[in-house]
Amino acid sequence: MMKRLSFILLLCAIVSVASAQKITHTFQNVPLSDALKYIQKQATDYNITFIYDELEDFRVTTHIQNKSVHDAILQIVGFYPVRVVKSGNHEIYVECTHKTDRRLTGTIIDEQGQPVAYANVAILNPADSTLLSGGVSNESGYFAIPYEQDKVIVRISYVGYKTVYRLIEHPEVGTIRLQPDNYTLKGVTVKGQRLLYTSTEKGLLVSVQGTPLEQFGSATEMLSHLPLMMSNGEIAGHGKPEVYINNKKVRGEDELARLRADEVKSVEIITQPGTEYDATVSSVIRIRTIRRTGEGLSGNFSGAYRQGHEHYENANASLNYRLQNGMDFFIRGYLTDNNTRTTSTTDVQLQASSIWNYHKDKEYGNHMKYYFADLGWNWEINDRHSVGFTYTANNYLGNRKYISSSDEQTWQDGIMVDGGHSTTITLTKPKLTHSANAYYVGEIGKWKVDFSADYYNAHSLSEMSGSTDGEAPVSSNTAKKNQLVAEKLVVTAPMPVGDLTFGEEASAVDRTSDFTQSGFSADNHIQQQTTMWSIFANYALKLGNVSFNAGLRWQHERNRYDLNGVRNDEMSPNYHVLIPRASITYQKSPWTHSFSYQCTRYNPPYSILSSAVTYSSKYEYQSGNPFLQPQTSHSVVWKSQWKWIHAEAIYRFQENVYHSIGSAYDDVNHPGVILTDFRTVPKTQYYMVVLNLTPKIGIWQMNYTAEFAVEDHDYGELGITYNWHGLMTDFTFDNTFTLPHAWILNVTGSITPYQKSAYWINKTTGSLDLRLSKQFLRDKSLNVALIVSDLLRTKYDVGTAYGGIGYRNIFRLYRDTRRIGFNVSWRFNATKSRYKGSHAGQSERNRL
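And the structure:
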């Protein structure tokens, strides 16, 4: 049956490709009506219907290469306010959506007389400067924008050039010349160029298309070079972001690895997310891909290899088949062989009934091979409705192996009482994980609807065995089952003034964990069930240069925690919480200022809510804490931006921040054993300043970020007497050089200076990374990069931590970050993914 179905699909593909008419032609400043007439003559199988007079003011300059009739029409229409509707197999209707008697027309050029494509043209009301209409210039710098009033103000802007304002009383504006916006940097005149980003009401909008960022291979690499991105993958001052690709929530970093940077049009960095995002979300990255057209088969292939002490390699393949009716069928596969090694030296002291000292030279490695596969379908029915479905499966290839080995010496009150070699091996057995996502995105009248539903099912089985010289071996087994069902609905409603977004989100989680051991602690069976339901509303209003945004999210959460088959009421709290968020933004080129308040709420990961005590070594046990409370954060942020200078001042107050704490496990029955579990700090305050500079001088694009912070923790209830308030700093210096012949050189350095804060002291650490890449082939579809990370082998973690009750740890750790390798990627017949689904219940999935 499958062979027959595959044959039918292949036959349909061949027939559709063979029969599709293709258009190749160059249009140079011709009326859109004439361009349509030309295509009509070539399209014997299509009837193109349009009104000549309403389209003749729109002029076309573009080159069409081997495009279908429908795609050729979409290309010549471009950004004009023109709708293209395909009806049946042979009818195409083209009409202007703004039917007015006047068209504001003109041509935009730069200081050298060259046409400026994609410049923003806004038509404003002279009375109050409110926006009436707008558009962009085409490839020849020409624009045509419908408008109604007799007298208007036209505002023409392009990043890196001075904004032009003109009072217009006649439709023909003529030629407008833009002048560079120049500035001086230490005596050097820097000519205005396209800025790396522009400021938005909620954060930053970064241009990728047409910048060096598009040559960074995968989206994963490209994101690490965005403004405000730190070396740890967080947005400076705003934590780990949620990532979306064309409205679809990214489920894992492998999705970003499959997306090529040169397929990305722009990236929006949202540091002030509204209540339509989950209560856990403090920042968002939204990736918009380039709108590509075409039918038939397309795909991309990529591979990567890294070699340090251990090696890492992956291979990725993605195929997409697109029909003329807007349907896409896609399949993706990903294989990874990931091996890591970490070495550490620690000197630990525990003060209990005796004073215990431990010296340990440790090496631990993680070895895993895994795959995942996506199979999906989506259908862009028309420009108002889209549906889709994706099924994903992933699993280990063989056992995932975690090996920890160490040479240890133990002293009690100054007398050496133990020493030898210790080994712990944990094997995670292969278990197939399933997930599915379905979505609908559309417009019903003037209402916009975005609905997604998700299912996730994952089982795991881990077997641990540990041994120490001269001691009996120990072992344990942990079997887990995780299941999630979730849905999310977001609706945008028409309003006389402003924008109103509202919706709801629901999720249900069922998780079980069976833990058995050989006698070092106690067996237990845990079942955790959580149901969450949220409703939210967000209202945005723009008055001139000032924008207001306010939202509220109500979240209801029910928990059930069963230990060994008996419900524990104390561990089964229910919550009803309100999550408010608000901001006010003032924008007047080149300045942007904003003031915002944001509330976030984090539930602890399920893994640290377990009461099971697990074995790490003879003197080290680990456990969770089922009594942990959700963590709540309140942030007040002031942000200012002037051209390529971005600055933020942040105050954050947090409640119930959970930390890992070391203490004596059982001083009577297990003397000298350290238990590491989790406790909450009642309140924590952060004071932070963030700076980002992105000037460009010739071929040199700079992206420098600095983070300055002071913390104030309340550790008194935990029994920790240390609470330093030293300045914490973190610097990233990202330098990209655009060289001739499609070569790109990137040199990135990061440094974290000495810190003495809270209960730890960290010594200076940092790294230097190099990347040299080149694009090959006429369409630049082949990208090869040589990559060196931590070139000087300086990315050590060295310090002292007093994170416990009578506990001190002096440590030195290295994670084998110095590696050399390469990336290779190639795409063919690229078409943009039309999959528009987001993901429901994402915060609960992250906890699992």
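Using my numbering, you'd call the opening residue of the sequence shown number 67 and step up by one each time.
Think of the CB as a built atom: it goes at the ideal place given N, C-alpha and C, for glycine as much as any other residue.
| query | result |
| --- | --- |
| Strictly by DSSP, which residues pair up with W710? | In the DSSP output, where bridge partners are listed per residue, W710 has none listed. |
| Specify, as a first and last residue, the run of the beta strand (DSSP E) that A101 falls within. | Note, A101: premise wrong, no beta strand (DSSP E); alpha helix (DSSP H) at L98 to Q108. |
| What distance in whole Å lies between the Cβ atoms of Y224 and L198, which are believed to be in contact at a cut-off of 8 Å? | Going by Cβ atoms, the distance from L198 to Y224 rounds to 20 Å, so no, they are not a contact pair. |
| In chain order, what residues of the same chain lie with their CB nearer than 6 Å to the CB of Y430, ignoring the 5 residues before and after it? | T408 and S470 |
| Taking just the CA atoms, how far does H622 sit from I645? | 11 Å |
| Once DSSP output is grouped into helix, strand and coil, what is the label at N895? | coil |
| Please tell me whether T814 and L618 are closer than 9 Å, where the distance is taken between their beta carbons. | no |
| Give the DSSP bridge partners of M598, in chain order. | S573 and E623 |
| In terms of alpha-carbon separation, which member of M768, T680, E308 and Q767 lies closest to Y731? | T680 |
| If you run the structure through DSSP and keep just helix, strand and coil, what is P192? | coil |
| Give me, in chain order, the residues of the same chain whose beta-carbon lies closer than 7 Å to that of P307; leave out the 5 immediate sequence neighbours on both sides. | I301, S349, V350 and I351 |
| Mapping the DSSP letters down to three states, classify E636 as helix, strand or coil. | helix |
| Residue range of the beta strand (DSSP E) that A383 falls in? | H377 to R388 |
| Exposed or buried, what is V126 when buried is set at 16 or more other beta-carbons lying within 10 Å of its beta-carbon? | buried |
| With distance defined between alpha-carbon atoms, name the residue in S472, P692, T266 and N382 nearest to Q595. | P692 |
| For G870, which residues of its own chain have a beta-carbon under 6 Å away from its beta-carbon, when the five flanking residues on both sides are left out? | I727, G728 and S729 |
| Ordered along the chain, which non-local residues of its own chain (more than five positions away) have a Cβ less than 6 Å from that of Q593? | T578 and D628 |
| Thinking C-beta only, is G399 closer than 9 Å to N386? | no |
| Within its chain, find whatever has a CB closer than 7 Å to the CB of H91; leave out the 5 residues flanking it on each side and keep chain order. | Y104 and I130 |
| Determine which residues share a DSSP beta bridge with R169 and list them. | P212 |
| By how many angstroms is the C-alpha of V330 removed from the C-alpha of Q275? | 6 Å |
| Can you check whether the CB of L98 is closer than 9 Å to the CB of N769? | no |
| Where S600 and E570 are concerned, what is the direct C-alpha to C-alpha distance, given to the nearest angstrom? | 5 Å |
| Could you give the first and the last residue of the continuous beta strand (DSSP E) run that contains H304? | No beta strand (DSSP E) holds H304; DSSP gives it neither H nor E. |
| Taking Cβ to Cβ, would you say V135 is nearer than 9 Å to I89? | yes |
| For I139 and F209, what's the separation of their Cα atoms in angstroms? | 18 Å |
| In the DSSP assignment, find the beta strand (DSSP E) that holds T286 and state where it starts and stops. | Segment A285 to L289 is the alpha helix (DSSP H) holding T286; no beta strand (DSSP E) there. |
| From the DSSP output, which residues share a beta bridge with A715? | W704 and V755 |
| For D516 and R354, I'd like the C-alpha separation in whole angstroms. | 17 Å |
| Using 8 Å for Cβ pairs, my map puts H451 next to G508. What's the rounded Cβ distance? | 4 Å |
| Decide yes or no for the touch test of the stretch 764 to 778 against the stretch 791 to 806: beta carbon pairs closer than 8 Å, at least 3 of them. | yes |
| Can you give me the C-alpha to C-alpha distance between T241 and Y184, rounded to a whole angstrom? | 15 Å |
| For a test of the three-state rule: what should DSSP assign to Y506, helix, strand or coil? | strand |
| Please state the DSSP three-state secondary structure of F185. | Sequence check: residue 185 is Ala here, not Phe. Note: A185 maps to coil in three-state DSSP. |
| Which stretch, first to last residue, makes up the beta strand (DSSP E) that contains H525? | W513 to T534 |
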